[in-house]
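Q: Chains as they are written, first to last, in the working numbering: chain A, 132 to 239; chain B, 10 to 756.
Even glycine gets a Cβ: it sits at the ideal position worked out from N, Cα and C.
Here it is, the structure in full.
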Amino acid sequence: MFRYWEDTAIYPIDPERVDLAREFRNSIRGPHSEELRFLLHRMRATQIRGKYVLVVVETFKMWRIGRITERNQPIEAVDDRIFDSLDEAEWAVFELRWRDLTGQDLNI
Amino acid sequence: MTKRLSSNVRMLGYCDDWRTSPGSTLNFKVSCDGIGSYRAKIGRVVCADLDPLGPGFRIDHVDDIGRGPLNGRFQPVYPGSYARIDDFKNLCGLRRFSVAALVWPTLPGQGCQSIMSRWDDAAECGWRLELNEVGELSLRVGESECVAGGSPMIRRHWYVVLAAIDLKNGKFEVVRRAFRKIPGTDETSAASGMLDRSGLAPDVPIPFLIAASGSKGPAGADRFFEGKIERPTVFEGVSSLEAAERFLLSGSRLVDGGSVRASWDFALQMDSARILDVSGNGVHGRVINMPTRAVTGHNWDSSSLDWRSAPNQYGAIHFHADDIYDCGWETDFTWTVPADARSGYYAATLETEAGDRDFIPFFVRPNPGERSADLAVIACTATYLAYANTHVKVDMVGSEVMSECVNQLSQYELYLHEHRELGHSTYDYHQDGSGVCYSSRLRPVLTMRPGPYTFNYISDTHLLAWLEHINQPYDVITDEDIDTRGVDALSGYRAIITLSHPEYTSTKMWDAIDSFQRNGGRHLYLGGNGFYWRVAFHDDFPGVLECRKGATGVRAWEGEPGEGHMQFNGEPGGLWRTCGRPPQSLVGVGYSSTMFARSTYFRRTEASYSQQFAFAFEGVGPDEVIGDFGRRGGGAAGIEIDRWDPDLGSPPNSVVLASSENVGIDGILSCEEYPIATRATDGLQHGHVRADMVYFETPNDGAVFSVGSITWVTSLSHNGFDNNVARITENVLRQFLLPRPSGKSEG
């Protein structure tokens, strides 16, 4: 029963490296430095239940942040924010993951 | 307090066969939740992409259904696979009997799971042999229960289980033994007791079920077993575990002493829905909702990987509570295709006054022998099926890792996550962790709807929009037509186009396309990662694709060892490459890499400047980069890209006309490309991470043009279809539609 890895990302995130967060803020779609790629992979490879997703509010126009629930359960909203830019939504998820993984708010 | 996000999907439908032809009638099945009425119309799909920067969403109106609104009604879905014994008279009237089987539970401890039963849920009478809520073997008879406690049963371990019921003396017992002793756990566990006679089953005709038990509701079955069951057997009289086990393991089809009332050998007619009783009593049955057959049994010893050569080691069936084959909905409206209807992608659009909308896709192809154009577009329904209702975004970590951005979920994906009864795709795994081998179109397929899930179906309609733009007549032929009719489905067309991602191919489809190409047919393969997985269809299971996966390829899940051969026809599944037919041997290029984060462009090779290929580049400057634009990642080379490789079968006369450039760090070498594990396998450092545009001639004036990229067709619409991707595609198409391509080399 071999499947894609569920929870194997181990690269530690250094909360002091806000320079990497700034790099992402300035270039959401990349290309990114190697260290930022490691950081992004760590964030993106978080386990599936509870993982952040962007729920389409209006196709190609508006999104909000949700979390993946167990099978057969509705997706849950994280907050009430509505984004009209995919890059802004992507950045907002980055901020949430920074806090989740470092225990610190990202204030830049 | 967390807020649950509603999908707001209240209306869904499908049709009985998404392939139809002029003169034929389609039956549409619709389920509405809180919708009283809706209107339905039929349209021909020109572009299903809602992207405002794409070709432009367009469905040309063809017909209205009815004069007024149609009544909406709710139609449920009943998932869960099991076996039903239709004629169970021989199993009635037994006063002292035993049931036994070999079982391999995959989710013990997660809900009550019946192994065998005759149970009337409304009257709460009958009996059920099952795993109880905590994974212990339990026998329920009427209101009495007997539980073999001790260590919980272990998932993915074989056990022999037995229940004996003695109504004459008011006793019952249950026992199980593990095949493999594990220190610290109970090898054997047993319990017995006296029956509470007040709850005994009257001898009413309660159906005999395997892997489920009767339910109160219209579903008819509940308490689905998760895992494998082998050789379920009913003995007359009270059997010991030892005697039962001897019989089950003997594999004997003849019984001694005549004490066996029924014994189902799942290794027989494994490629069907039938289960055969070998007791001689003819108590046969059938499986419901397509559990996985052709799976290894308790005695599989790895001496063979093919169920056909060692069927006695494949006597198990793997049942799942989330299997679904046919929703079985009633028909809500029909539509007869007019005799003069143009071939094409079609859809029924359902709309309510409140703004609900659904879209039921289907394909109108010409009747056999009534070709209406020189060009056939191959609707890759095998691929559409393989991805049908995929849950990878919500079930697989790798989905976001691969796409390198936070996943977007559309309303349909919210709905699918919450409503697993609509089934899964071949990219998903069942809730017990095993891979999904079958995908059916007899259910709403929500990955084929306008919306943010643009992969495959929606991207393919960019090509249709372009064909309309250049006023090019075409017929649509589906993968399933080719599987059914072979090369006859293609004969007569001068050229065929395969679309953005024709990834799934049956042997009949491969042979038909190969035969078409070798007999003068011309093939524009305008996709990436095509002809990759070997799959099968089955006449007895219309509308279902089977896909088995081995230990290589972009597989999402890996098939169990020994289960790589398909149930439908016994052929090995998995990659065509491992079956001796790399895609390069059919179309000159084969899947090499993924490139999801962004796409890139092509640059011409020196060889492309030969006069032989001038036709393809007419109107394209000699130094132009090709396709540095497009609606998927901004380039014509992207998502999944294929490379030319003579070692993998690219024909000796094939020529690379252009290759991708600037793939960079975003290109990732595919897993089957690793002979050893090393670094430096990204597109920045590894030369195999690329897309190649290839041309080659085939016998009898045939030819093949391949672009080796999923994002080629989604670059066609750039700048109002005025761009070099569209120009090259049209140049090659015009050439391929000539009676004899003028650019062909002599000899």
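#1: What's the C-alpha gap between F624(B) and Y47(B)?
#2: Should the stretch 105-123 of chain B be regarded as contacting the stretch 164-180 of chain B, the criterion being three or more beta carbon pairs within less than 8 Å?
#3: Candidates G223(B), V183(B) and G193(B): which alpha carbon is nearest A132(B)'s?
#4: Count the C-beta pairs between the stretch 216-233 of chain B and the stretch 82-99 of chain B that are closer than 8 Å, then say yes if the count reaches three, no if not.
#5: Is the Cβ-Cβ distance between V186(A) and R180(A) less than 7 Å?
#6: Rounded to the nearest angstrom, what separates V410(B) and T139(A) at their Cα positions?
#7: Helix, strand or coil for Q621(B) per DSSP?
#8: Just tell me which of S601(B), G597(B), V401(B) and Y683(B) has its CA closest to the CA of P655(B).
#9: I179(A) versus chain B: which residues are under 8 Å apart at the beta carbon?
#10: Using only CA atoms, which one of E339(B), R93(B), T301(B) and V304(B) lies nearest to G81(B)?
#11: Would you list, in chain order, the members of the stretch 220-233 of chain A that have their beta-carbon closer than 8 Å to a beta-carbon of chain B?
#12: Report the rounded CA-to-CA distance for G756(B) versus E706(B), giving the unit in angstroms.
#13: Roughly how many angstroms lie between the CA atoms of G495(B) and N398(B), to the nearest whole one?
#14: From the DSSP output, which residues share a beta bridge with C24(B)?
#15: How many Å lie between V18(B) and E245(B) at the Cα?
#16: With 7 Å as the threshold, decide whether the Cβ of V142(B) is near any Cβ in chain A.
#17: Does the beta carbon of A176(A) sit closer than 7 Å to a beta carbon anywhere in chain B?
#18: Taking the continuous beta strand (DSSP E) assigned at E649(B), which residues delimit it?
#19: Could you check where the beta strand (DSSP E) with Q122(B) kicks off and where it finishes?
#20: Going by other Cβ atoms of all chains shown within 10 Å of its Cβ, with 16 needed for buried, is N238(A) buried or exposed?
#21: Note the first and the last residue of the continuous beta strand (DSSP E) segment covering I206(A).
#22: Against chain A, which members of the stretch 432-444 of chain B pass a CB distance test of less than 7 Å?
#23: By DSSP, does I467(B) sit in helix, in strand, or in coil?
#24: Would you please verify whether the beta carbon of E755(B) is less than 7 Å from any beta carbon of chain A?
#25: Looking only at its chain, what residues have a beta carbon closer than 8 Å to the beta carbon of A189(B), apart from the 5 residues adjacent to it on each side?
#26: Please list, in chain order, all residues of the same chain as W222(A) whose beta carbon is under 8 Å from its beta carbon, the five residues on each side excluded.
#27: Closest by CA to E567(B), which one among C336(B), W585(B), S594(B) and S443(B)?
#28: Closer than 7 Å by C-beta to G676(B): which residues in its own chain qualify, once you throw out the five before and the five after it? Chain order, please.
#29: Please state if the CB of G643(B) and the CB of S608(B) are separated by a distance shorter than 7 Å.
#30: If you follow the beta strand (DSSP E) that D341(B) is part of, which residue opens it and which one closes it?
#31: Taking a Cβ distance cut-off of 7 Å, strictly less, list which residues of the stretch 57-90 of chain B are near chain A, in chain order.
#32: Would you call Y396(B) buried or exposed, if buried means 16 or more other Cβ atoms sit within 10 Å of its Cβ?
#33: Consult DSSP for E572(B) and reduce its assignment to one of helix, strand or coil.
#34: For H327(B), write down the residues that DSSP places opposite it in a beta bridge.
#35: Quick one, which residues of the stretch 409-424 of chain B are near chain A if we go by CB-CB under 8 Å, in chain order?
#36: List the DSSP bridge partners of D701(B).
A: Judging by the given coordinates:
#1: 51 Å
#2: yes
#3: G223(B)
#4: yes
#5: no
#6: 12 Å
#7: helix
#8: G597(B)
#9: V403, D404, M405 and V406
#10: E339(B)
#11: A220, E221 and V224
#12: Residue placement at G756(B) is poorly supported in this model, since its pLDDT is 39, which falls under 50; the coordinates are not used for a value here.
#13: 28 Å
#14: F37(B)
#15: 52 Å
#16: One detail in the question is off: residue 142(B) reads as Glu in this sequence, not Val. No - not a single Cβ of chain A is within 7 Å of the one on E142(B).
#17: yes
#18: A646 to W653
#19: Q122 to D129
#20: exposed
#21: That residue, I206(A), is in no beta strand (DSSP E); it is neither H nor E in DSSP.
#22: Y438, Q440, G442 and S443
#23: helix
#24: Caution is warranted here: a pLDDT of 47 is assigned to E755(B), below 50, making its placement in the model unreliable, and the coordinate value is therefore given only provisionally. For E755(B), the answer is no, since every Cβ of chain A falls outside 7 Å of its Cβ.
#25: The question names Ala, but residue 189(B) in the sequence shown is Arg. H166 and W167, listed in sequence order.
#26: F155, R156 and I159
#27: S443(B)
#28: S602, M604, D691, G692 and V698
#29: yes
#30: Neither: D341(B) is in no beta strand (DSSP E) and is coded neither H nor E.
#31: L59, D60 and P61
#32: buried
#33: coil
#34: K237(B) and T301(B)
#35: E409, V410, E413, C414, V415, N416, Q417, L418, S419, Q420 and L423
#36: S668(B)
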